[in-house]
Structures are given as C-alpha cells and as structure tokens.
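In the working numbering, the protein residues as written are 41 to 261. Working notes, structure below.
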C-alpha cells in the first residue's frame with residue numbers, strides 16, 4: 041500500500057486510516073490485556089515490546105549494529121520530549137502498511153493483532169508514519185486527522201520523538217528475529233529488516249537532534 045498526501049491536503053485515505061485507528065483505540069480494553077498490563081507495569085512510550093526486545097539484545101550482547109551504546113539514555117530523552125502519557129489504550133503495535141486492508145466500500149480493515157497490548161495510542165500512528173516513510177505534509181495530515189484538530193507545533197515535536205521510538209521498535213524486532221532465529225524470517229531476512237529500520241532510525245535521530253519539529257506544513261481543510 042502506498043500512503044501519501046495529495047495537493048498539500050489530507051488525502052481521503054489518510055483520513056480513513058486515522059479514523060480506523062481512532063476507533064480501535066476507543067474499544068474497551070479486553071480483560072486479558074488489562075491482566076497483561078498489570079503484569080508488565082509501566083512500559084513507556086515505546087510500548088512493552090520495545091522494552092522486552094531491547095533487554096533481550098542487551099542480554100545477548102548484540103553488536104552487529106552499533107545501536108546499544110548510550111541507547112537507554114537516548115530513549116529517556118525521547119520519552120521526556122514525548123511528554124506525559126495518557127491512559128493506556130487498546131493498541132495494535134504493528135500498523136505497517138501490510139496490516140491495513142482497503143475494503144471495496146472504501147473503509148479500512150486492520151488485521152494481524154499478534155502484538156496487541158495496552159499502550160500509548162500515538163505509537164500506532166508513529167509506526168505507520170515511520171514504516172510508510174511519510175513526508176512532513178502527510179505526517180501532519182495523518183496526525184491532525186487522528187486528533188480531529190489541526191496539529192500544533194508542540195504536537196508535531198512530540199510525534200517526531202515517538203516516531204524515532206517507532207523506528208527503534210522495528211529495528212529491535214529485526215534484531216530479536218536475528219538473534220533468536222525463531223521467527224518466520226530467514227536469518228538474512230531478519231538482518232535485512234533490522235538494517236533497513238536501523239537506517240531509518242539514524243535519519244530520524246539526526247532530524248530529531250538537529251531540529252525541534254522542522255519543516256513547513258500544510259493546512260488541513
């Protein structure tokens with residue numbers, strides 16, 4: 041699926057996607073996920089999976105990619121910029137384009153809930169924006185459509201921090217698959233996925249560290 045803004049405005053597709061994600065987050069938390077939240081406790085903006093996969097990479101002494109040194113301090117900085125978290129919502133945590141199905145009637149169907157967990161809803165949008173490599177205009181349009189109001193510069197600054205965490209999350213999914221060799225991916229596929237998202241992480245980290253929000257953004261109609 042190709043996700044893009046058109047003519048400086050939020051596309052109908054971005055609005056449909058934002059609406060589908062917002063409806064998901066309004067679903068009452070299932071009891072099994074409430075129990076999971078009670079078990080794992082605080083998980084931060086990165087969600088429970090990032091925390092788990094990072095700890096696993098540290099335990100295994102992962103070094104193929106130069107990513108672990110000073111990373112926890114950087115994550116703390118990202119979460120500080122992301123700001124206070126609201127109540128956890130029913131989150132998908134794997135909203136890459138392959139898990140969005142465009143229905144014949146134009147609606148959006150979300151599939152593959154393997155990584156569902158209680159979490160902070162903007163991470164779902166950040167995984168999507170990072171995974172689809174949305175440009176600044178499309179990213180702001182997606183965020184504005186989700187919020188239901190024009191995203192402010194403060195909203196965008198917060199979202200860019202979460203987007204870096206999203207790139208980290210996908211990198212460590214690949215790292216975990218690489219180390220465990222127990223996923224559906226081959227070892228080379230796992231390495232390729234980790235490398236691809238690590239490159240995204242480096243670009244997004246540089247952008248985050250060199251600017252507050254950066255760029256000029258369109259006005260959402």
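Don't be surprised by glycine CBs; every beta carbon is placed ideally from N, CA and C.
Per the DSSP secondary-structure output, residue 131 pairs in a beta bridge with 157.
Here the region 194–210 makes no contact with the region 221–230; the two share fewer than three CB pairs at distances below 8 Å. Taking the C-beta atoms as reference points, residue 60 is found nearer than 8 Å to residue 148.
For residue 167, the enclosing alpha helix (DSSP H) begins and ends at 162–171. Here residue 237 is buried: its Cβ has 16 or more other Cβ atoms, across all protein chains shown, within 10 Å. Across the structure, residue 250 and residue 71 are spaced so that their CA atoms are roughly 42 Å apart. The secondary-structure analysis by DSSP pairs residue 150 across a beta bridge with 140.
Close CB contacts of residue 167 within its chain, under the 6 Å cut and outside five residues either way in sequence, are with 135 and 206 (chain order). Within the model, the alpha-carbon separation for residue 107 versus residue 144 is close to 42 Å. If you check the CB distance, residue 186 and residue 58 come in under 8 Å. By the C-beta density criterion, residue 217 is buried, having at least 16 other C-beta atoms within 10 angstroms. Secondary structure at residue 223: coil, using DSSP grouped into helix, strand and coil. Residue 215 holds the alpha-carbon nearest to the alpha-carbon of residue 103 among 215, 164, 248 and 243.
Here residue 165 is buried. Its C-beta has 16 or more other C-beta atoms within 10 Å. Here residue 111 has no same chain residue with a Cβ atom under 6 Å from its own Cβ, once five neighbours each way along the sequence are excluded. The DSSP-derived three-state label of residue 89 is helix. Put simply, the backbone Cα of residue 182 is about 37 Å away from that of residue 99.
The residue from 160, 175 and 69 with its alpha-carbon nearest to that of residue 124 is 160.
Going by beta carbons, residue 67 and residue 130 fall inside the 8 Å limit.
Between residue 208 and residue 86, the CB-CB gap stays under 8 Å.
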